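Residue numbers (the UniProt record's numbering): 1 to 215.
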């Protein structure tokens, strides 16, 4: 009986000693340099991967920004070329020619005239040379007309600010004369100031090609 107790006691002590030894080994393994190295390597690998992904994203973003700048520059260049081309349509012509065409484009009765005749009338010229009672133009005026009477006419003076004074003066005088100064004065006083629209350059250029200067 005494021997049995001794054996049991030894068994318990051995079991306790074995358990303590296992715990010590596990702690040693956990604290060993090899374990730490493996853990550190895994952390470093994860960090390197994250840096590579971040660098790739930054590079892609940089390339996208560069492409956007190129596209924007290309668009601006196209707009600039388009604007330059539009201006070049009227570049060969004088300001006076452009003015005549714009006035006719806006006020001319017939836009399909074969010729656009331009006649400069100096101040002091009679409105109706066939009537002794006719008054005279108080300023220099320009008379635009077609080849035929049905094409109509526009008589005006420029103000230099994009507006003109339009006089209701016929191209050919029909009626009973002498008409009297009042009749002619009323025509002069009832002039109308009109702002001229620049219109489309291509249409203006086509009209300029039909201009014929008259003496």
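Glycine included, every Cβ here is placed at the ideal spot set by N, Cα and C.
Values in this document were obtained by computation on a predicted structure and should not be read as measured data.
Run of the beta strand (DSSP E) containing residue 156, from where it starts to where it stops: 153–158
Outcome for residue 200 when other beta-carbon atoms lying within 10 angstroms are tallied against a minimum of 16: exposed
Boundaries of the beta strand (DSSP E) in which residue 97 is found, first to last residue: Where residue 97 is concerned, there is no enclosing beta strand (DSSP E), although the alpha helix (DSSP H) it sits in stretches over 95–107.
Three-state class that DSSP yields for residue 169 in the structure shown: coil
Validate contact between the stretch 139–156 and the stretch 110–119 using beta carbons, cut 8 Å, 3 pairs: yes
Local conformation of residue 185 per DSSP, three classes: helix
Buried/exposed call for residue 91, threshold 16 Cβ in 10 Å: exposed
Residue 195: first and last residue of the uninterrupted alpha helix (DSSP H) it sits in: No alpha helix (DSSP H) holds residue 195; the beta strand (DSSP E) holding it covers 192–195.
Same chain, Cβ closer than 8 Å to residue 164, neighbours up to 5 away in sequence not counted: 103, 156, 157, 158, 193, 194, 196
Own chain partners of residue 134 with C-beta closer than 7 Å, once the 5 adjacent residues on each side are dropped: 126, 127, 128, 184
Residue closest to residue 190, alpha-carbon to alpha-carbon, out of 175, 169, 214, 204: 169
Strand pairing of residue 119, partner residues [DSSP]: 143, 214
When 182, 207, 138 are compared against residue 122, the one with the closest alpha-carbon: 138
Residue(s) in a DSSP beta bridge with residue 113: According to DSSP, which records beta bridges pairwise, residue 113 is partnered with nothing at all.
Cα-Cα separation, residue 99 to residue 173: 26 Å
Cα-Cα separation between residue 89 and residue 115, rounded to whole angstroms: 20 Å
Own chain, CB closer than 7 Å to residue 203, minus 5 neighbours either side, in chain order: 105
Closest by C-alpha distance to residue 208, when choosing among 180, 58, 101: 101
Inter-residue spacing [alpha-carbon to alpha-carbon] between residue 166 and residue 67: 55 Å
Neighbour-count burial assignment, residue 145, 16 or more Cβ in a 10 Å radius: buried
Supposed contact pair residue 179 and residue 132 - C-beta distance, whole angstroms, cut 8 Å: So it is not a contact: roughly 10 Å between Cβ atoms.
Buried or exposed by the 16-neighbour rule on C-beta atoms within 10 Å, applied to residue 117: buried
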